[in-house]
Amino acid sequence: MRPILVNLPSKLLFVAALLAAIGLFVVELLRRRKDPERAWSSTPFLLLVVAGGLARFKTGSFVPSLATFGQPWAPVPIYAYGVMLGTSLAVGWYVAMRLAKADGIDQQEAGNIYMWTAIWSIIGSRLLWYFTTPEASVGDIVKIWEGGLVAYGGMIGGFLASWYCCHKRGIPLLQWADVSAPSVVLGTGITRLGCFLFGCDYGARSSLPWAVRFPGPNALSAHGSPAWQHHVSRYGLPHDAAWSFPVHPTQIYESLVGLALFGLLMLVRRHRKFSGQVFLAWVFGYGIMRPLIETVRDDDDRGVYAILGLHLSTSQIIGIVSVVLGLGLLVGLLLRYRRDPDSLRLWERPIVPAQSAPAPTAAAAAGKRRKRR
Numbered sequence: 002m003r004p005i006l007v008n009l010p011s012k013l014l015f016v017a018a019l020l021a022a023i024g025l026f027v028v029e030l031l032r033r034r035k036d037p038e039r040a041w042s043s044t045p046f047l048l049l050v051v052a053g054g055l056a057r058f059k060t061g062s063f064v065p066s067l068a069t070f071g072q073p074w075a076p077v078p079i080y081a082y083g084v085m086l087g088t089s090l091a092v093g094w095y096v097a098m099r100l101a102k103a104d105g106i107d108q109q110e111a112g113n114i115y116m117w118t119a120i121w122s123i124i125g126s127r128l129l130w131y132f133t134t135p136e137a138s139v140g141d142i143v144k145i146w147e148g149g150l151v152a153y154g155g156m157i158g159g160f161l162a163s164w165y166c167c168h169k170r171g172i173p174l175l176q177w178a179d180v181s182a183p184s185v186v187l188g189t190g191i192t193r194l195g196c197f198l199f200g201c202d203y204g205a206r207s208s209l210p211w212a213v214r215f216p217g218p219n220a221l222s223a224h225g226s227p228a229w230q231h232h233v234s235r236y237g238l239p240h241d242a243a244w245s246f247p248v249h250p251t252q253i254y255e256s257l258v259g260l261a262l263f264g265l266l267m268l269v270r271r272h273r274k275f276s277g278q279v280f281l282a283w284v285f286g287y288g289i290m291r292p293l294i295e296t297v298r299d300d301d302d303r304g305v306y307a308i309l310g311l312h313l314s315t316s317q318i319i320g321i322v323s324v325v326l327g328l329g330l331l332v333g334l335l336l337r338y339r340r341d342p343d344s345l346r347l348w349e350r351p352i353v354p355a356q357s358a359p360a361p362t363a364a365a366a367a368g369k370r371r372k373r374r
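Count along the sequence shown starting at 1, add 1, and that's the number in this note's numbering.
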C-alpha cells in the first residue's frame, strides 16, 4: 500500500508555474508582433491560475506576501490513485483515437466526445460513490485523489455523455460504443492498480496463498489502511497490529479482468459481423465478472441492499440489469442484421464532419426552396 507516491515541494511548483506563465506570455507577445491576427493562447493564463491556486491553498492568499513566502509550505502529495486514473485516461485516449480512425470517425470529433465522456464518467462515478456511502458528505465528492470512484457510476455517466455527444454530431452511438468500450475496460484495469496502492476496495478475509495484508498506521497513512481500520472496528483486530488480516486482493482481480476483457474486445473487433458486438462483449463480460468479484469484497463503500432474500451490492444490481438489457439489445441487433446486414456494418461507412461537408450549390438550394413551396 502506497497512497502517496511522492511529495513535491509546493514553493518550487509555485515558482515554476509562475515563471512558465510569464515566459509563455512573453513568447505570445513576440509572436503577435509578427502576426497580429494570431489567437492568444490560454496556457499562460492556466499556469497563472495554477500558481495562484497553489498559493491560496498553502498560504490563504492568491498572492503570497514576503512573510508567508518565507514560511514553510506543506508539500503537494501526488496520490497513487490520481496517477493511475490520469494514466488510464491518457492510455484510453490513445486507444480511442486509434480505433476511431480505423472505424471512420473523425479524429477531432472523437477527441471531443472522449473528453466529455471522461469528464462525466468521473462525475458519475463520484456521485454513485456518494449515494452509496452514508458517511460521505457533499464536500467529499470533489476529493477524487482520496479514491472512491464507483466503476458503474462512471460507465453510466460516460454512456449518457456519449449518447448526447454522438446525437449532437450525427455519429451512430453503436459505432462510437465499439470504439470506446476497449478503452473503458483498459482504463478499468489500470485504475484498479491505483485502488490497490491506495488500499480501498479491499476483499474479504482469506487464507488463500495470494491473500494480501494492508498496513496499520504508518508514515504514509496516519490512520492506517481502510482494511486495517475495518478489521479493528469489526473483527477485533488489536489496535497495535501492524497489518490487517489477509484479504482477497479484489483490486488485482478487477485489474486482471479489465486487461483480459481488453484483449477479448480487441479480438471481437477483428471478427465482428455487425456494430455493437464489441460493446455487448464488454457489457456481458464486465456484467458477469464484476458481480462475481463483489462476492469476495468486504469494504463498506459498496451499498448493500436486501432483494428477494439476497444481499446485493449496488454494482451487483447494476451488473445483473446490464446483462439483461444487453440480451435484449443483442436480440434486436441480430434481427436487424438478418434483415439488412449492411445497415449494421457502420465501421465501413466513414463519417464526414459537419464542418467539412461540401456547401450546397446554388442550384441545390433553389431546388430545396421549390420543394418547400
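For each residue, glycine too, the CB sits at the ideal point set by N, CA and C.
- Non-local beta-carbon contacts of L129 in its own chain, meaning distances under 6 Å to residues more than five positions away in sequence, involve V151 and G154 in chain order.
- The Cβ neighbour count for Q176, taken over all protein chains shown within 10 Å, is at least 16; the residue is labelled buried.
- Counting only runs of 3+ residues, the beta strand (DSSP E) found wholly inside the segment 28 to 93 occupies 77 to 80, in chain order.
- When secondary structure is reduced to three states using DSSP, H232 falls in the helix class.
- Note on the segment 168 to 225: whole alpha helix (DSSP H) runs with a minimum of 4 residues are 174 to 199, in chain order.
- By the criterion of a C-beta distance shorter than 6 Å, I321 is surrounded by no residue of its chain, once the five residues flanking it on both sides are discounted.
- Under DSSP, I5 shares a beta bridge with Y80.
- Annotation for V92: S184, L187, G188 and I191 place their beta carbon closer than 8 Å to its own, counting only its chain and skipping 5 residues before and after.
- In this structure, P4 keeps its C-beta atom at 8 Å or more from the C-beta atom of G204.
- Its chain contains V284 and G288 as the residues whose beta carbon lies nearer than 7 Å to that of S323, once the 5 sequence neighbours on both sides are disregarded; these appear in chain order.
- With fewer than 16 other Cβ atoms inside 10 Å of its own Cβ, P351 counts as exposed.
- Check the Cα spacing between Q108 and each of T44, T118, S234 and Y95: the tightest is with Y95.
- I106 sits in coil when the DSSP states are folded into three classes, being neither helix nor strand.
- S256 is a Cβ neighbour of R193, given a cutoff of 8 Å.
- T44 has its alpha-carbon roughly 18 Å from the corresponding atom of D36.
- The count of Cβ pairs closer than 8 Å, one atom from the segment 233 to 249 and one from the segment 210 to 217, reaches three, so the stretches are in contact.
- The DSSP-derived three-state label of H249 is coil.
- With fewer than 16 other Cβ atoms inside 10 Å of its own Cβ, G333 counts as exposed.
- Approximately 35 Å separates the beta-carbon atoms of V84 and G237; this is outside 8 Å, ruling out the contact.
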